[in-house]
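Heads up, the final residue of the sequence shown is numbered 291 in my numbering, and it's a clean run with no missing numbers.
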Amino acid sequence: MSGNIIEPIIVNLGLGMKGFLEVSMVEFTVGIRKGNGLIFYGEIYDVPKPRFNPKPPLSLPQTIPLTVKFTDDISHLGEISGGKGSSLGKLTQMSKEEESFIVPKGIIVTTAAYKEFLTPEILDAVKHLESIAHGKEAGDLKEACGRPHGRDWKRP
């Protein structure tokens with residue numbers, strides 16, 4: 136058997152690991168047969184501790200509150216907090232673990248609050264304002280926002 140090792144490619148490891156990986160291509164001959172192959176060689180000097188500690192899945196509470204804090208575990212559930220709210224809850228948790236960025240304190244108005252307070256009258260008023268804003272209906276938007284148009288704005 137005879138052969139050549141072609142100049143290796145050396146890759147320094149990243150993602151918190153310290154070490155290297157060397158990859159070399161080999162051309163060889165065994166008898167009348169020719170072949171190619173790869174040699175992998177490397178060393179890892181330091182392996183970081185895993186940073187992700189998965190939590191058990193959360194279940195929906197019996198009663199969904201009208202608001203939740205960014206720091207509440209249930210804020211991570213999109214069914215309760217919606218898409219943006221659940222992202223803020225998850226980012227808040229990550230900011231405490233990473234300590235490389237800050238999420239200001241805050242609360243999320245939940246989907247339960249939306250369902251409780253969005254009456255057909257309020258929905259009609261919002262649609263009316265959208266129609267004016269998008270030019271589908273004539274009117275002054277600022278003026279329309281300032282008056283209830285005879286609608287019942289009381290809490291249900």
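Beta carbons: idealized from backbone N, C-alpha and C, even for Gly. Since this is a predicted model, take the numbers as computed values, not measurements.
query                                                                                                                    : result
When you measure from the CB of N139 to every non-hydrogen atom of the ligand HEM, does any distance come out below 7 Å? : By its list of ligands, the structure shown contains no ligand whatsoever, and the ligand HEM lies outside what it can speak to.
By DSSP's criteria, T164 is part of a beta bridge. Which residues make up the other side?                                : S137 and K169
Alpha carbon to alpha carbon, how far is L264 from I237?                                                                 : 36 Å
Using 8 Å as the limit for Cβ to Cβ distance, is K184 near chain D?                                                      : Protein chain content of the structure displayed is limited to a single chain, and chain D is not contained in it.
Around the Cβ of T198, are there at least 16 other Cβ atoms within 10 angstroms (buried) or fewer (exposed)?             : exposed
Given a cut-off of 8 Å, decide if I144 and T202 are closer than it, judged by their beta-carbon atoms.                   : no
Using the Cα positions of G220 and G172, report the straight-line distance between them to the nearest angstrom.         : 52 Å
Compare the beta carbon distance of I179 and L148 with 8 Å and say whether it is the shorter of the two.                 : yes
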